[in-house]
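Quick note: the sequence shown uses the numbering used here, first residue 31, plus one each step. Every residue gets a Cβ at the ideal spot worked out from N, C-alpha and C, and that includes glycine.
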Amino acid sequence: MLYVLVLSISLFGILVLFGFRALLRNRAVRRFVRSIKQRFNSAEDRGALMVEERTVVRTRKSPRTSAIELQQVRSLIRQGEKAIAQEKIEDAERLFIQALTVQPMAFDVQAMLAKLYLTTARENKAEAMYRELLQNRDDVSFHSNLGLAYYRQGKYIEACQAYQEALNRDPQTPERSAALGRACIAAQRFEEAAPLLEKATQRLSRSTELLRLLAESYLQLGNTEKAEETYRRINKIEPYDEEVKAKLLSLARV
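(1) Report the three-state DSSP secondary structure of Y270 (helix, strand or coil).
(2) Between E153, E246 and P204, which has its C-alpha nearest A216's C-alpha?
(3) Could you spell out where the alpha helix (DSSP H) holding L226 opens and where it closes?
(4) Considering Cα atoms alone, identify which of M135, E99, Y160 and S105 is closest to Y147.
(5) Verify whether the separation of the beta carbon atoms of E153 and R182 is less than 8 Å.
(6) Use the C-beta contact count for L100: other C-beta atoms within 10 angstroms, 16 or more gives buried, fewer gives exposed.
(7) Should T260 be labelled buried (16 or more other beta-carbon atoms within 10 Å of its own) or exposed?
(8) Report the residue from I98, E157, S171 and K145 whose alpha carbon sits nearest the alpha carbon of I114.
(9) Do you know how far the Cα of M142 is from the Cα of A122?
(10) Would you mind giving the Cβ-Cβ distance between E157 and Y180, rounded to the nearest angstrom? I have them listed as a contact below 8 Å.
(11) Hey, would you say L178 sits closer than 8 Å to A208, going by beta carbons?
(12) Going straight from the alpha carbon of L241 to that of E268, what length do you get?
(13) From which residue to which residue does the alpha helix (DSSP H) around Q140 run?
(14) Please list, in chain order, all residues of the same chain as L278 whose beta carbon is under 8 Å from its beta carbon, the five residues on each side excluded.
(15) Using 8 Å for Cβ pairs, my map puts R212 next to L234. What's the rounded Cβ distance?
(16) Inspect the beta-carbon positions of A224 and Y193 and report whether they are closer than 8 Å.
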């Protein structure tokens with residue numbers, strides 16, 4: 031009997047405690063609501079206006095409109111290509127830009143404009159275009175051309191990075207290794223350049239330009255034995271090159 035009495039008293043105490051906490055919570059909520067109402071009324075008194083939220087509905091182009099735009103872009107591309115063939119560079123640029131105003135996300139037009147800038151010695155514009163293109167398309171030629179744009183501006187570290195990205199995506203093409211090797215030499219990274227150029231010359235074995243770069247890399251690294259071996263490879267291709275003969279003669283004295 032005593033146990034039941036104690037249990038009843040404990041239960042009653044718990045109920046009273048929860049009721050008291052609920053009362054406090056309701057009072058706090060009411061105070062919060064009143065404060066919100068007061069701030070809202072004071073804002074109205076100051077002339078504040080409530081802005082109604084509206085859902086922005088984007089109008090979709092009809093298939094007919096898209097088809098017309100596509101025809102316009104194709105026509106402008108053809109005119110631009112014709113202008114390039116006639117060496118009317120300014121006209122070609124204007125036509126490509128006009129095509130992009132019709133379809134801003136026409137990546138093929140962006141690529142044509144970027145290449146136009148690269149081939150007309152406007153490397154800074156080409157760089158900007160290729161960087162923008164790479165945000166949307168991971169194309170090996172974009173990385174390679176970006177590397178060339180950097181290289182021509184003397185940004186050799188950035189050129190190495192761009193050419194490395196191109197090589198990562200196309201490791202079997204010797205020209206990728208050769209381009210990265212040239213950039214590494216320009217950046218004075220001879221230790222990185224040597225194996226790249228060695229790899230490239232295995233496939234492009236008659237490229238005396240690459241062989242000369244390779245020999246220079248070995249000389250910079252102090253590897254006279256490899257440098258002499260490389261100059262002998264050049265001598266077999268161009269036996270009458272006096273400069274190569276002189277290099278071999280000086281290396282033989284080392």
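According to the data block:
(1) coil
(2) E246
(3) F220 to R233
(4) Y160
(5) yes
(6) exposed
(7) buried
(8) K145
(9) 10 Å
(10) 7 Å
(11) no
(12) 12 Å
(13) F137 to T149
(14) E258, Y261, R262 and N265
(15) Contact flag wrong, Cβ pair sits at about 12 Å.
(16) no
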